[in-house]
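Q: One structure follows; several queries about it will come next.
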Amino acid sequence: KIADLIRQTGKVHIISGRSFFNHFNRDKFLSSLLALKKVSNGKLSILPSQGNFIGVSHFGLFGEPEHSFSKILERIDAGEIKTFFVFGANPIEEYPDRKFVQEALKKLEFLVVVSPFIHPTAAMAGVVFPQAMLPDYGGTFVNLEGRIQLFKPMENSLKLEVKPAWGIINELSGIMEIGSSWYSDIQIREDIANRLKEMEGLANIPDRGFIFPFINQDDYQSKLNSVTAISKAPAEYPYILQWMTSVHHNGWLTEKSENLMRIAGHQVALINPIDATHEGLVENQIARIGTDTTAINIPINISDKVNRGEILIINSFSKNPVNRLLKKDKPITYVSVKKA
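When you line the sequence shown up against our numbering, it's residues 508 to 847, in that order.
As structure tokens, then:
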């Protein structure tokens with residue numbers, strides 16, 4: 508029925524969440540989405556984990572397996588990489604297998620972190636460059652439909668000598684005499700427009716923005732078709748672990764703001780009512796969610812919006828990080844849920 512309705516409607520833009528990637532039937536879910544896209548002769552957008560992924564993917568900069576962050580960490584761990592720059596990220600808090608990241612970074616001879624805050628990754632660095640926050644500078648972002656849109660800095664933003672990541676890269680490349688010198692986001696856009704004919708619109712972006720000219724849904728689909736099925740949950744760890752940030756920030760950023768912590772400073776695990784009854788759990792009870800190596804304690808919320816056999820943890824804070832449960836070589840994490 509859904510396929511018939513879509514066929515009658517005409518072109519459709521299908522927007523999907525990404526949690527199905529953490530399900531043992533993920534290949535079947537994806538095949539269904541791609542089939543609906545084909546029926547509608549429309550577009551398929553899968554919500555990314557981070558906003559800048561859309562623009563990066565439309566530029567064709569998909570992460571290659573041998574150059575993925577996992578491989579970079581493995582090379583650091585093996586001693587092949589001695590110096591590492593981290594721009595605007597916090598791998599210890601964000602990457603699966605927290606312990607492995609920490610142990611690998613300890614083996615570096617020189618770690619440089621560019622960040623607006625001191626966080627666990629920055630605390631390990633030999634040098635930390637302060638990074639401007641998004642409202643302090645201008646630039647562009649690409650939304651789900653592939654529309655490039657302009658944003659400007661706040662009018663009352665502080666005029667301090669704190670640069671965005673591109674400004675720091677620019678300054679370093681200037682010192683090393685290996686790159687162009689940019690002094691504003693406008694210059695960067697003009698440079699791209701001059702080098703790439705298809706991107707001429709970047710020089711003067713209209714209020715409505717413009718559609719990214721490099722979008723190729725067939726290329727996108729070929730990447731998605733590589734998704735394979737995963738084995739089902741073992742009996743002793745019967746729940747698929749899902750986790751998400753709040754709508755504000757990753758937890759390690761949220762906890763820097765007293766106001767945001769009042770709004771979104773809670774961390775809970777959602778469980779289906781049938782599963783809660785099976786485990787003998789009640790609303791707001793502290794549960795112990797664990798793998799074969801570690802566990803975290805977290806309050807339970809009972810919700811029929813969560814599928815049976817799944818646990819959804821909302822937020823990950825430094826004092827109780829969800830990525831403590833994750834492993835870099837396991838695409839799906841299966842957990843047990845017990846009374847704490």
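Glycine included, each C-beta is placed from N, C-alpha and C at the ideal position.
In chain order, what residues of the same chain lie with their CB nearer than 8 angstroms to the CB of K835, ignoring the 5 residues before and after it?
A: Here the set comprises S577, L580, Y602, P603, D604, F607.
Q: Secondary structure at S564, three-state DSSP: helix, strand or coil?
A: helix
Q: Is the beta carbon of G646 less than 7 angstroms from the beta carbon of D692?
A: It is a contact, given that the beta carbons lie within the stated cut-off.
Q: Rounded to whole angstroms, how far is the Cβ of R815 from the Cβ of I718, which I believe are closer than 8 angstroms?
A: Rounded to the nearest angstrom, the Cβ distance from R815 to I718 is 40 angstroms, too far for a contact under 8 angstroms.
Q: Span of the beta strand (DSSP E) holding E817?
A: Run containing E817: 817 to 821, per the beta strand (DSSP E) assignment.
Q: Where N791 and L541 are concerned, what is the direct C-alpha to C-alpha distance, given to the nearest angstrom?
A: 39 angstroms
Q: Quick check on the DSSP output: the beta strand (DSSP E) that includes N808 runs from which residue to which?
A: 802 to 809
Q: State the Cα-Cα distance for the pair D782 and E600, rounded to the nearest angstrom.
A: 29 angstroms
Q: At the level of alpha carbons, what is the spacing between L506 and E697?
A: Because residue 506 is not part of the residues shown, which for the chain are 508 to 847, the question remains open.
Q: Given this structure, state the Cα-to-Cα distance separating L788 from I803, to the nearest angstrom.
A: 16 angstroms
Q: In angstroms, rounded to a whole number, what distance separates the CA positions of L748 and P780?
A: L748 and P780 have their C-alpha atoms roughly 16 angstroms apart.
Q: S547 to H530, Cα distance in whole Å?
A: Computed Cα separation, rounded: 25 angstroms.
Q: How should A585 be labelled, buried or exposed, when 16 other C-beta atoms within 10 angstroms of its C-beta is the threshold for buried?
A: exposed
Q: Spatial neighbours of K613 within its chain, please: C-beta separation below 8 angstroms, excluding the five flanking residues on both sides.
A: M631
Q: Spatial neighbours of I522 within its chain, please: CB distance less than 6 angstroms, with the 5 preceding and 5 following residues excluded, ordered by chain position.
A: These residues qualify, in order along the chain: S552.
Q: Give me, in chain order, the residues of the same chain whose beta-carbon lies closer than 7 angstroms to that of S680; leave out the 5 immediate sequence neighbours on both sides.
A: G686
Q: Candidates T800, M640, D799, V593: which alpha carbon is nearest K670's?
A: Looking only at T800, M640, D799, V593, the smallest Cα-Cα distance to K670 is reached by M640.
Q: Quick check on DSSP: helix, strand or coil for T483?
A: This structure gives no information on residue 483, because the portion of the chain shown stretches from 508 to 847.
Q: Verify whether the separation of the beta carbon atoms of D643 and P623 is less than 7 angstroms.
A: no
Q: Between the beta-carbon of L760 and the beta-carbon of S810, is there less than 7 angstroms?
A: no
Q: Start and end of the beta strand (DSSP E) containing F648?
A: 646 to 649
Q: For K544, count neighbouring C-beta atoms within 10 Å of its own C-beta (all shown protein chains included) and say buried if the count is 16 or more, exposed if not.
A: buried
Q: Note down the Cα distance separating N701 from I712, rounded to an integer number of angstroms.
A: 14 angstroms
Q: Where do the N-terminal and C-terminal ends of the alpha helix (DSSP H) with H785 fall, by residue?
A: 780 to 786
Q: From I773 to K846, what distance separates their C-alpha atoms?
A: It is His, not Ile, that sits at residue 773 in the sequence shown. Going by the C-alpha atoms only, they are around 19 angstroms apart.
Q: Taking the alpha-carbon positions, what's the V813 to N830 distance?
A: 20 angstroms
Q: Report the option in R582, F566, H565 whose CA atom is closest to the CA atom of E573.
A: R582
Q: Compute the Euclidean distance between the alpha carbons of V563 and I625, then round it to the nearest angstrom.
A: 26 angstroms
Q: Would you identify the three-state DSSP class for S577, choosing helix, strand or coil?
A: helix
Q: Taking the C-alpha atoms as reference points, what is the distance between W673 and A629?
A: 18 angstroms
Q: Going by beta carbon distance, what residues of the same chain come within less than 8 angstroms of R525, once the five residues before and after it are set aside?
A: I553, L554, P555, S556
Q: What is the DSSP secondary structure of T590, reduced to helix, strand or coil?
A: DSSP, read as helix, strand or coil, puts T590 in strand.
Q: Whole angstroms is fine: what's the gap from M706's alpha carbon to T516's?
A: Spanning the two alpha carbons is a distance of roughly 32 angstroms.
Q: Would you call the CB atoms of Y744 and V842 closer than 7 angstroms?
A: yes
Q: Sort L651, F617, I807, N597 by Cα distance to H565 and report the nearest one.
A: The shortest C-alpha separation from H565 is found at L651.
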